[in-house]
Structures are given as C-alpha cells and as structure tokens.
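Participant:
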Amino acid sequence: MNKKKRRPNTATIFGLIIIGFFVVVALLAEYIAPYDPSALGTAYLPPSAEHLLGTNDLGQDIFSELVFGTRVSLVIGIFSALAVTLIGTVLALTSGYYGGWWDRLVAAITDITMAIPSLPLTMLLIAYLQSGMFSLIIAMSVTAWTGTTRILRSRVKQICEQPYIKIEKTLGVRTPVILFKHILPNLKDILLTRMALSVSGAMMTESGLSFLGLGTFGQKSWGNILHFAFFRNSILRKQVWWYLPPIICISISVLGFMLVGYYGQQRAK
Amino acid sequence: MLRHVLKKTLIAVATIWIIITISFILVHTMPGEPIIFLIGEEEYYYLLDKDPAYLEQLINKYGLNDSLNVQYVRYMESVIKLDFGESYYNHRPVIENFKMAAKWTLMLSIPTLLISSILGAVLGVYAGIHPGGRFDRIATPFFLALKTIPSNCLSLLLLILFAYKLRWVPINGMVSPGVEGMDRVMSILHHMVLPISILIVFRTSGGFMLMKSTVSQIRNEEYVLTARSKGIGKRKVLFRHVLKNAMVPYSTSLCMQLGGLLSGAMIVEVVFGWRGMGQMMYNAVSRRDFATAQFCFLLSAVCVVLSNLLGDIVNAAIDPRIREEVPLSE
Chain H
17 MNKKKRRPNT
27 ATIFGLIIIG
37 FFVVVALLAE
47 YIAPYDPSAL
57 GTAYLPPSAE
67 HLLGTNDLGQ
77 DIFSELVFGT
87 RVSLVIGIFS
97 ALAVTLIGTV
107 LALTSGYYGG
117 WWDRLVAAIT
127 DITMAIPSLP
137 LTMLLIAYLQ
147 SGMFSLIIAM
157 SVTAWTGTTR
167 ILRSRVKQIC
177 EQPYIKIEKT
187 LGVRTPVILF
197 KHILPNLKDI
207 LLTRMALSVS
217 GAMMTESGLS
227 FLGLGTFGQK
237 SWGNILHFAF
247 FRNSILRKQV
257 WWYLPPIICI
267 SISVLGFMLV
277 GYYGQQRAK
Chain A
2 MLRHVLKKTL
12 IAVATIWIII
22 TISFILVHTM
32 PGEPIIFLIG
42 EEEYYYLLDK
52 DPAYLEQLIN
62 KYGLNDSLNV
72 QYVRYMESVI
82 KLDFGESYYN
92 HRPVIENFKM
102 AAKWTLMLSI
112 PTLLISSILG
122 AVLGVYAGIH
132 PGGRFDRIAT
142 PFFLALKTIP
152 SNCLSLLLLI
162 LFAYKLRWVP
172 INGMVSPGVE
182 GMDRVMSILH
192 HMVLPISILI
202 VFRTSGGFML
212 MKSTVSQIRN
222 EEYVLTARSK
232 GIGKRKVLFR
242 HVLKNAMVPY
252 STSLCMQLGG
262 LLSGAMIVEV
272 VFGWRGMGQM
282 MYNAVSRRDF
292 ATAQFCFLLS
302 AVCVVLSNLL
312 GDIVNAAIDP
322 RIREEVPLSE
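Chains as they are written, first to last, in our numbering: chain H, 17 to 285; chain A, 2 to 331.
1) Rounded to whole angstroms, what is the Cα-Cα separation between A/Q295 and H/T138?
2) For A/Y165, decide whether its Cβ has a neighbour in chain H, counting only Cβ atoms nearer than 8 Å.
3) Between which two residues does the alpha helix (DSSP H) carrying H/G85 extend?
4) When you compare the CB of H/V270 with every CB in chain A, is at least one pair closer than 8 Å?
5) Indicate the three-state DSSP secondary structure (helix, strand or coil) for A/E223 in the structure shown.
6) Looking at chain A, which residues of the segment 219 to 236 of chain H have a Cβ within less than 7 Å of any of its Cβ atoms?
7) Using a Cβ cut-off of 8 Å (strictly closer), state whether A/P151 contacts chain H.
8) Rounded to a whole number of angstroms, what is the C-alpha to C-alpha distance between A/H29 and A/I37?
9) Contact check, H/P63 vs H/L69 under 8 Å by CB: the rounded distance?
10) Please determine if the segment 97 to 115 of chain H and the segment 227 to 235 of chain H are in contact, where contact requires at least 3 C-beta pairs separated by less than 8 Å.
11) Run the CB neighbour count on H/L152, radius 10 Å, all protein chains shown included, and call it buried at 16 or more, exposed below.
12) Is H/Y144 close to chain A? Criterion is C-beta to C-beta, closer than 8 Å.
13) Flag A/S330 as yes if its beta-carbon sits less than 8 Å from any beta-carbon of chain H, otherwise no.
14) Taking 8 Å as the threshold, find out whether the segment 61 to 76 of chain A comes into contact with the segment 136 to 146 of chain A through three or more Cβ pairs.
15) Do you know how far the Cα of H/R210 is from the Cα of A/P250?
16) Between which two residues does the alpha helix (DSSP H) holding A/W105 run?
17) Could you tell me whether the segment 188 to 200 of chain A touches the segment 267 to 278 of chain A, where touching means 3 or more Cβ pairs closer than 8 Å?
18) Grab me the residues of H/L141's own chain with a C-beta within less than 6 Å of its C-beta, minus the 5 sequence neighbours each way, in chain order.
19) Ignoring anything shorter than 4 residues or poking outside the segment 15 to 41 of chain A, list the alpha helix (DSSP H) runs there in chain order.
20) Just to confirm before moving on: does the CB-CB distance between H/G239 and H/I266 stay below 8 Å?
21) Can you find the residues in the same chain that come closer than 8 Å, C-beta to C-beta, to A/F238, ignoring five residues on each side of it along the sequence?
22) Just the Cα atoms here: how many angstroms apart are H/D77 and H/T71?
23) Starting from H/T71, follow its DSSP beta bridges and name the residues at the other end.
24) Going by beta-carbon coordinates alone, are A/A122 and A/M31 separated by less than 8 Å?
25) If you drop the 5 nearest sequence neighbours on each side, which residues of the same chain put their C-beta closer than 8 Å to that of A/H131?
26) Would you mind sorting A/V286 into buried or exposed? The rule is 16 or more other CB atoms within 10 Å of its CB.
27) Please state whether the Cβ-Cβ distance between A/I300 and A/L263 is less than 8 Å.
28) So, with DSSP's three-state summary, where would you put A/E87?
29) Relative to the C-alpha of H/L44, which candidate in H/V83, H/G31, H/P201 has its C-alpha closest?
30) Once you ignore the five residues that flank H/F79 on each side, which residues in its own chain have a CB closer than 6 Å to its CB?
31) Just to make sure I have the definition right: I need the residues of chain A whose C-beta is within less than 8 Å of the C-beta of H/F246. Which are they?
32) List, in order along the chain, the chain A residues whose C-beta lies closer than 9 Å to that of H/P133?
33) Skipping 5 residues on each side, what residues in its chain have a beta carbon closer than 8 Å to that of H/Y113?
34) Compare the C-alpha of H/L168 against each of H/T129, H/L102, H/Q255 and name the closest.
35) Can you pull out the residues from the segment 37 to 69 of chain H whose beta carbon lies closer than 7 Å to at least one beta carbon of chain A?
36) Rounded to the nearest angstrom, what separates H/V39 and H/F30 at their Cα positions?
This is the structure we're talking about:
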C-alpha cells in the first residue's frame, strides 16, 4: 500500500499543482498584487502595462482584485470544508463506534438533512444572518456535512468489525485511544479526498452565491468580481479582461480540488 | 408493499414537519426582532421612528407577544392553510406571486426534465454497452468536465457566445414586448432556447453518468453472462436483462429530479432574467423579503421530500427486492 502511495497518478499531481499554485498566490497576495485592490482610480481602463487586466467600474485594478480574491475564495472553500469534515468525522466516529440509539439518531438526522434542499436553506440562512465570511461558511456547512458523514460512518463501522478493534475493546483500551489512534488514521485517505471534494463543492456554491451578490461584503471573492462584471454590463462593453479571468480562476481551482478528490483515493487502493 | 409505503410516507411527513419547525425556529432565534422578518427592515425602522404605537399593534396582530408554544401552533396552522403572509415588496400574498413565477419556471423545467432524461438514458446506455469505445471516450470526459464548471460560469460564457457574439438569441428576458398571439409564443420559445439548452446539458450529464455506470456494472453480472451463454441474442439481453435492471436506479433519480422542478434553476434564471421561482427566491433574499424567502424554502424542501417519497414508492413498485427489505430497516 505504501509503495503505491509514492506514485500518485498524473491527475492527482495535476490537481495538486493547481491547488499549490493558488495557495501560493493566496499567501503571497500582498507581494504579487501591484495595487491595493480597494484603491480607487480611473474607471474602465483597458489592459495595459500598468494595469494588466485593466480596471473596473470604480477604477480598481482587476488583476489585484483577482489576486486578493484568491485568498477570499480559498479561505471560504477551505474553512467550509474543514467545518464539514470536522462535523462529519465527529458524528461518524461516535455513531459508528458506539452504535445504538446515538447511531440511529445520527442516521435519522443525516437522512432528514439530506432531504432539505441545500441551496434554498443556505440562502434563507444568509437572509437571516448578518452577511459576512463567517455566516457564509456557516450557511454553507449546515447542509454540506451529510455526504461525508455517511461515507465515513460506514467506513468506521467496517473498521470496528476488524479483529484488532474488537481485541482492543476486550482488553479495555480506553475509548479515545481506540478512536483517535486506531480508527482515525485508517480514515486518513477518505478524509483527505472527501475534504478536497468538499472544498470544490464549497467553492462552487460560494461562487454561485457571490455571483448572485449574496456572498461576502467588503472582501471580494472571485464570484463577487464576476457579480460586478455581470451586473455592471462588462459583457455589453466587451470587457473580456473583466468577466473572463474570474470564470477561469473559479473553474480551474474547482477542477484542481476535484481531481485530487476523485483520483486521490485511487492511489491509496 | 403497503407497509413499506406507509413507513416511507410517515417518515416523509415527519421530515416535512421538522422542516416547518426549522423555519419557525429560524425566525425566532435569529438575531433581531422577529417582527423585522415579518414586515421587513425598512418598514420596521420607519415605524419605530414615526409610529411606535402602530408597530406595537402590528406585533400584537402577529401575536409576537404570545408564548412561543402558542405562536408555534398558530404558525403550523397558517402553513397548513397555505397562508404564508404577504410579500412586503409588492404587498401581494406570497401565494399569488408564487403562481405567477411557478408558471414561468415550469415552462423551463418540464421540457428540460423530459428531454434530458431521455437524452441521458440513451447516451448513457450507449456508452455503457461499449465502455472504452469511441463514443464513451468522448462523452465521458465531456460530461465530467461539465461538472467542474460552475453553472454560473458556463451560463455566462454561453450567453456571451450565443447572445452577444453570434446574436442568435435574445440577451435577456422572457418575451419581447408588444407581441400577441402566435408571435408571442414564438418569442417566448426564442427566449427559452438558451436557458433550456444549458439546463438540459447539465441535467443530461447527471443522467448520463448514472446510466453509464449502472449499465456497465450490470453488463458484468453473472445473469447477463448466463443469458448470453444460453444463446440469447445481444439485443434481447440488452433490453430484457440489462435495461430492465438499469431502469430501477434511473427511474428513482428521475422521481427525485421532480423535486427540483420548481427551484432547480436559480442561477440560470437570474443570468437570463427569467422571472421564475429561482429569481423570486433570489429577489426575496436580496431584498430581505422574509415571508417570500421562507415560503420558497418551505416549498422547495417539501417538493424534495415528496419527490423522494415518490422515488421510494416507484422503486418498491418496480423492484420486488426492495419491498421485501422491510425487516432490514433497522
């Protein structure tokens, strides 16, 4: 198993390169962006040496906006995925390990949450909550944890049937030790791939919501840039440099996380 | 069979009840006065400033001073009576607004469902019986790639290409103003082409993937091999043995898609200025029109629950293996 792990397939490597690129851009945003993305200037400048991708309706440098948008988009995507994975892991570990009424309750809650359409609930929550990055993450995570929980729960159940877990239980090894030292490491691969998929899902939802103008305020994500490009008629003005880059960034980063999510697990098998 | 259906129905009813309860709890636990969610922010601050007595009267009218239990029962009653209050944006009952919007959405979503389900099934079966063939090698990456492009991005790109560059279709809206009769129908159709094609492409990709994987899985089942080795022709095996089994998951997924008929196309509707349910919910949320937003949420949730129930029933009706599974429900 370990040997195979050292040669991940091309798709995974490709995905990791994409993710790595965007993470570096997000971390070094201050150094890469030539301007402060919120600084105002001359509006609607076409691309030039000073403004690589021109300026928007407020005269903000679009390239700098994109660079800083990477940070916002990634932070939202990754933190929603972390929240989702955390909820999913805790529920799956406890319900899969203890079984009984708690397991049935978790299964029932999962089923019901799956029946609630996620986009409308997310939008409803956004309407009620104060808008901001934190509420956006909460609103998206509320419905997104079900898939991870289900998959992990069935895996935990499988592992609990293994002899070594049964032996440990009989020997009286403390529960936290079994859970975190012996079951959790076995979930590592699924956890990582599920998380990559959660990130791509969250980034897609976020880009959709921000595109609709329901996402973050103040901090512009890629979806927000696209929102302003679309609703300020950049298409009519033929400002390709305004509406196309955020589309490309969103699609490529989602693709990166998806590649890792779908093909990442194959190397482990 | 009856027991199975009964059980699923009970679960569905319970789920709907929980969803209604969630939406009640949302109003009462969210930061801010509940009255804001009923009459809207602007109105609230206006009244607070100019006419606090009337505001108090409104609070009493909605019974917000009663205990939560009383309010909960009343909320349940109003939901059951399909009374969802009025939209504070245009002061019409939410139900009236809904009827207008639903008509337009269904005009998009019903043809989408019909065409994409057939297209997805046919293409999926074709790719599934020749895995690795030329068609499979082209179609599978194509549909997979579609999954990585967010729908808002794809809609925008196609809008730019077909409406702005090629000028084949109108840019926005549902019907050209001032046309009547047959011309009106043609104009609506003309406006529908692009949004409907985008929806069809997205829906087809889901159906295609499902059908392809089921068919290619069933192809390797032993009973298919047995049938072939008994000398039954390829075509007959395909229709009698493979397709018959492959239809089970597909029809379930079709039933589930029925739940999205009213609310599944929000982003496409917003991009194309289509005044359907998606647009209605979008506007409600951005205008903080809570009565409408809450109604849209309840409606789409109930639709999804009911269509899942339908999926379960259809599934049990066509697949005897499922309805025997009752004791395994634990």
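Just so it is clear, CB atoms sit at the ideal spot from N, CA and C, and this is done for glycine as well.
Here the structure is a predicted model, which is why all the values come from computation and not from measurement.
Facilitator: So, from the data block:
1) 12 Å
2) yes
3) 78 to 114
4) yes
5) helix
6) M220, S223, G224, F227, L228, G229, L230
7) yes
8) 11 Å
9) 6 Å
10) no
11) buried
12) yes
13) For A/S330, the predicted model reports a pLDDT of 39, less than 50, meaning its position is unreliable and no value from the coordinates is stated.
14) no
15) 24 Å
16) 95 to 130
17) yes
18) A155
19) 35 to 40
20) yes
21) The residue asked about is misnamed: residue 238 of chain A is Val in this sequence, not Phe. Hits under 8 Å: V225, A228, R229.
22) 5 Å
23) H/D77
24) no
25) D137
26) buried
27) At residue 300 of chain A the sequence reads Leu, which differs from the Ile that was named. Against a cut-off of 8 Å, the Cβ pair of A/L263 and A/L300 comes out as a contact.
28) strand
29) H/V83
30) L68, L69
31) L157, V272
32) G260, G261, S264, G265, F298, S301, A302, C304, V305
33) V172, C176, T191, I194, L195, I199
34) H/L102
35) none
36) 14 Å
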